[in-house]
Amino acid sequence: MRVLTFALVMLISGCVTAPPLTSHFLNQRPVRLVNEADFISQKRNHCGPATLTMSAQRYTSDVSLSEVTSLAFTPGANGSFKGDMLSAARRIGLAAYSIPSPERMIEFVQAGHSVLLFQDLGALWIRVWHFALLLGYDTRNKTFILHSGPDAYKENSAREVLRTWERGGKWSFALVPAGVIPNGVSHEEALANAMALMAVGHQRGALELYQKLSLLWPNKYESYAGMAEVYFSQNQLTQAEVHLRKAIAISPLHPGLQFNLSQILYRSRRPSEAETA
């Protein structure tokens, strides 16, 4: 019973120039901010699982490196694909929000989150792909503080980190608990995460995020339709109907909602009502 569909496409591009540091970063009073995260020294070619596990363990103690490795590491490729990293994050019940700019990196770090960075540490045409975890910064020294490879809380030039991040396609994301929507995240971004959680089978996480969406955007039908989908998949038909009718009240002409209501009514053994839904 799916009303919306979502496709996530990753593009990789190369660039040799370093993006400018934000004026917000440069103009701050001297400050050193570091978010804590248990450190995991990576095995060769396992920077992806190590980085993802370190970030995930900030919110849940139930996840292990071996579990994440089984979800995110591809032995034949000797590494982790970006799509698999996102999928693994959601399979363990966390939302993953794209961080498209240095400004957003700093905002997320200031809010207490960590940011997973995809870097190209090579030079010229030689590509050396790497995942690292951004935990903080020091404005006095213009450095970023990362868990990276064998090094915990490593300080690197912020310009150099951003240069390698840009060479890696400006790809980064932050993990947060499913029921948390960070400041500045749009309805569409949060909705996409809820749908992605549902797509990988993490119904509890999807439901938590749909519930949060309904509180922040009560006049949007999608969160109620999403909750109805979760309840329908669990055969909680009364709850599914209640929430789907809320969605229909907001968007009464949406044909997909009416069709989904008919499916609920049929399964509830109310065929005459289903015929007129």
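The numbering of the sequence shown is our numbering, which starts it at 256 and goes up by one.
Glycine included, every Cβ here is placed at the ideal spot set by N, Cα and C.
Out of curiosity, what's the CA-to-CA distance linking Lys337 and Pro526? In the sequence shown, residue 337 corresponds to position 82, counting from 1. In the sequence shown, residue 526 corresponds to position 271, counting from 1. Between Lys337 and Pro526, the C-alpha separation is close to 45 Å.
Taking the C-alpha atoms as reference points, what is the distance between Phe363 and His498? Mapped onto the sequence shown, residue 363 falls at position 108. Mapped onto the sequence shown, residue 498 falls at position 243. C-alpha separation (whole angstroms): 32 Å.
Using DSSP bridges, identify the partner residues of Ile400. Counting from one through the sequence shown, the residue named residue 400 turns up at place 145. According to DSSP, Ile400 bridges with Gly391, Glu410.
Where Leu516 sits in the DSSP three-state scheme: By 1-based counting over the sequence shown, the position of residue 516 is 261. Residue state, collapsed to three classes: helix.
Since Val431 sits in a beta bridge, which residues does DSSP pair it with? Locating residue 431 in the sequence shown gives position 176, counting from the first residue. DSSP, once it has assigned bridges, lists Ala350 as partnering Val431.
What's the call for Gly331, buried or exposed, on a 16-neighbour Cβ count within 10 Å? Here residue 331 refers to the residue found at position 76 of the sequence shown. Result: exposed.
Glu484 versus Ile505, Pro507, Leu471, His457, residue with shortest Cα-Cα distance: Taking the sequence shown and counting its residues from 1, the one referred to as residue 484 is at position 229. Ranking Ile505, Pro507, Leu471, His457 by Cα distance to Glu484 puts His457 first.
Using the beta-carbon count (16 or more within 10 Å), is Ser403 buried or exposed? Residue mapping note: residue 403 aligns to position 148 of the sequence shown, counting from 1. With 16 or more other Cβ atoms within 10 Å, it is buried.
Looking at the structure shown, is Gly439 part of a helix, part of a strand, or coil, going by DSSP? Residue numbering aside, residue 439 sits at position 184 when the sequence shown is read from its first letter. Gly439: coil per DSSP, three-state reduction.
Which of the three DSSP states, helix, strand or coil, is assigned to Gln466? Position 211 of the sequence shown, counting from 1, holds the residue named residue 466. Looking at Gln466 - three-state DSSP - the assignment turns out to be helix.
For a test of the three-state rule: what should DSSP assign to Thr329, helix, strand or coil? Within the sequence shown, numbered from 1, the residue matching residue 329 stands at position 74. Three-state DSSP puts Thr329 in a strand.
List the DSSP bridge partners of Asp375. Locating residue 375 in the sequence shown gives position 120, counting from the first residue. DSSP output for Asp375 lists Trp384 as bridge partner(s).
Please check the pair Val289 and Tyr408, which I expect to be a contact at CB under 8 Å, by giving their CB distance rounded to whole angstroms. By 1-based counting over the sequence shown, the position of residue 289 is 34. By 1-based counting over the sequence shown, the position of residue 408 is 153. Going by Cβ atoms, the distance from Val289 to Tyr408 rounds to 7 Å, so yes, they are a contact pair.
Identified DSSP bridge partners for Val370: Taking the first residue of the sequence shown as 1, we reach residue 370 at position 115. Partner(s): Leu389.
Compute the distance between the beta-carbons of Pro285 and Arg414, then report whether it is under 8 Å. Locating residue 285 in the sequence shown gives position 30, where the first residue counts as 1. Locating residue 414 in the sequence shown gives position 159, where the first residue counts as 1. In this structure, Arg414 does not lie closer than 8 Å to Pro285 by Cβ.
Which one of Ile519, Ala480, Gln491 has the shortest CA to CA distance from Ala504? Here the question's residue 504 lines up with position 249 in the sequence shown. Checking every option, the nearest Cα to that of Ala504 belongs to Ala480.
Buried or exposed for Pro304, going by 16 or more other Cβ atoms inside 10 Å? Translated into positions along the sequence shown, residue 304 becomes position 49. Per the 10 Å Cβ criterion, buried.
For Val289, list the residues DSSP reports as bridge partners. Within the sequence shown, the letter at position 34 stands for residue 289. Paired residues: Gly391.
Residues near Leu468 in its chain [Cβ-Cβ closer than 8 Å; skip 5 each side]: Here the question's residue 468 lines up with position 213 in the sequence shown. The residues are Ile436, His442, Ala445, Leu446, Ala449, Lys475, Glu477, Ser478, Gly481.
Start-to-end residues for the alpha helix (DSSP H) that takes in Tyr479: Against the sequence shown, residue 479 aligns to sequence position 224. That run of the alpha helix (DSSP H) goes 477-488.
Under the rule that 16 or more other beta-carbon atoms within 10 Å means buried, what is Asp375, buried or exposed? Taking the first residue of the sequence shown as 1, we reach residue 375 at position 120. When all chains shown are included, Asp375 counts as buried.
Is the beta carbon of Asn300 closer than 8 Å to that of Gly334? Residue mapping note: residue 334 aligns to position 79 of the sequence shown, counting from 1. Residue mapping note: residue 300 aligns to position 45 of the sequence shown, counting from 1. Contact: yes.
Can you tell me whether Gly367 is buried or exposed? The criterion is at least 16 other CB atoms within 10 Å of its CB, across all chains shown. Counted from its first residue, the sequence shown places residue 367 at position 112. With fewer than 16 other Cβ atoms within 10 Å, it is exposed.
When the Cα atoms are used, what is the spatial distance from Trp472 to Val416? On the sequence shown, position 217 is the one that residue 472 refers to. On the sequence shown, position 161 is the one that residue 416 refers to. Going by the C-alpha atoms only, they are around 36 Å apart.
How is the alpha helix (DSSP H) around Leu307 delimited, first residue to last? Position 52 of the sequence shown, counted from the first residue, corresponds to residue 307. Residues 302-311.
Can you give me the Cβ contacts of Thr329 inside the same chain, cut-off strictly under 8 Å, excluding the 5 residues immediately before and after it? The residue given as residue 329 occupies position 74 in the sequence shown. Excluding sequence neighbours, Thr329 sits near Ser335, Phe336, Asp339.
Would a C-beta distance cut-off of 8 Å place Ala292 and Leu430 closer than the cut-off? Here residue 292 is taken as the residue at index 37 of the sequence shown, counted from 1. Here residue 430 is taken as the residue at index 175 of the sequence shown, counted from 1. No, they are not a contact pair.
Beta-carbon separation of Glu410 and Thr398 under 8 Å? Here residue 410 is taken as the residue at index 155 of the sequence shown, counted from 1. Here residue 398 is taken as the residue at index 143 of the sequence shown, counted from 1. Cβ distance < 8 Å, so Glu410 and Thr398 count as in contact.
Thinking just about the alpha-carbon of each residue, which of Ile295, Ser506, Leu326 is nearest to the one in Arg313? Your numbering for residue 313 matches position 58 in the sequence shown. Of the candidates Ile295, Ser506, Leu326, the one whose C-alpha sits nearest the C-alpha of Arg313 is Ile295.
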